[in-house]
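Its first residue numbered 10, the sequence shown is counted upward by one per residue in the numbering used here.
Everything below concerns the one structure shown next.
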Amino acid sequence: MDGDRHTGHGIESPAARLLRDFVNTRDVGTGADALDTPDHLATWLVEHALVQGRAPEADAGDLADAHALREGLRAAMLAHHRPSPAPVLPDGLEPALARLPLRLSLSGGRPALVPLEGGAAAEGLGRLAVAIMKSVADGSWTRLKVCQEPSCLWAFIDTSKNRSRSWCSMRVCGNRTKTRAYRARRRASSGRAEATERKPGL
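What follows is the structure, given as structure tokens:
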């Protein structure tokens, strides 16, 4: 992956980095998926400190929930390019969120969602849901975006001052998108010129 897909030049909250990294466990461009089996999901949750101790038991249902959560986040991040985000979310997202073991706690002095402990894979996925709320609270949520190049959709944190970054990499995806748009304009212009030449009496 291109280097500037992983770096930024501003404040990036831990919650935002976690959500970005979770979405990027699937590379849309190559089809590679770091969460392709329940065991790989369990290992990823441990490596990112979302569950404590050894890798938890994970099954096909946990994997399906993780995939639904990941693609729901990708859709939401894509919508952050628009002034009024209205993402079209995957059908499986709401049921997946409903299965996460979460509760409301007031023990920290302010209301907070916390996952129910138990070491299961669902606990780790619950911590990802908590990270969504933390990123909303710290202001980083709408800075989470995915590349607008359709063949890429790599997640990044937009650290630009005016929050206008569109691509994970200007050198790669930005140039690719602009080149494609330029060629489309040239084809359209050429088509109009040919149509004018064919008009009778001109």
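C-beta: ideal position from N, C-alpha, C; glycine also.
Since this is a predicted model, take the numbers as computed values, not measurements.
Nearest candidate by alpha-carbon position, reference residue i, set the options
i	options	result
leucine 109	Arg83, Trp150, Leu27, Leu72	Leu72
proline 47	Asp30, Arg79, Asp68, Arg119	Asp68
leucine 82	Ser169, Arg29, Asp42	Arg29
serine 173	Ser160, Leu162, Thr151	Thr151
glycine 40	Pro99, Pro104, Asn171, Trp163	Trp163
histidine 89	Leu153, Ser160, Pro65	Leu153
glutamate 158	Glu21, Ser175, Thr168	Ser175
glutamate 66	Arg119, Gly118, Gly127	Gly127
asparagine 171	Thr52, Ala146, Pro92, Val155	Pro92
serine 149	Ile166, Arg119, Val155	Ile166
proline 104	Thr52, Gly118, Gly70	Gly70
Beta-bridge partners of residue i, as assigned by DSSP
i	result
arginine 112	Val123
alanine 164	Val155
histidine 42	According to the sequence provided, residue 42 is aspartate. The question's histidine does not apply to it. Aspartate 42 pairs with Arg35.
Residue range of the alpha helix (DSSP H) that includes residue i
i	result
leucine 170	Reading off the sequence shown, one finds lysine at residue 170, where the question assumed leucine. Run containing lysine 170: none; DSSP gives neither H nor E here.
alanine 85	69-88
alanine 105	102-107
leucine 54	47-56
alanine 146	130-147
Close beta carbons around residue i, own chain, < 7 Å, minus the five adjacent residues each side
i	result
proline 23	none
alanine 5	Summary: the structure shown does not reach residue 5, with the chain confined to residues 10 through 211, and so no result is reported for it.
proline 99	Ala77, Glu80, Gly81, Ala84
cysteine 161	Val37, Gly38, Cys177, Cys182
Cutoff 6 Å; reference residue i; Cβ partners in own chain excluding five residues on either side
i	result
lysine 143	Ala24
alanine 121	Ser114
leucine 27	Ala140
glycine 101	Ala77
valine 55	Ala64
threonine 34	Ala43, Leu44
proline 96	Ala84, Ala85, Ala88
leucine 106	none
leucine 211	At leucine 211, the pLDDT of 49 sits below 50, so the modelled position is not reliable; the number obtained from the coordinates is stated separately. Around leucine 211: no qualifying Cβ.
Spatial neighbours of residue i in its chain, beta-carbon cut-off 8 Å, leaving aside the 5 residues before and after
i	result
serine 111	Residue identity check: residue 111 is leucine in the sequence provided, not serine. Hits under 8 Å: Leu122, Val123, Pro124, Leu125, Gly135, Ala138, Val139.
serine 116	none
Boundaries of the beta strand (DSSP E) in which residue i is found, first to last residue
i	result
leucine 153	153-155
Within-8 Å CB hit, residue i to chain B
i	result
aspartate 74	The structure shown contains no chain B, having only a single protein chain.
Worksheet item: Hey, is the region 54-67 in contact with the region 129-138, meaning 3+ C-beta pairs nearer than 8 Å?
Response: yes
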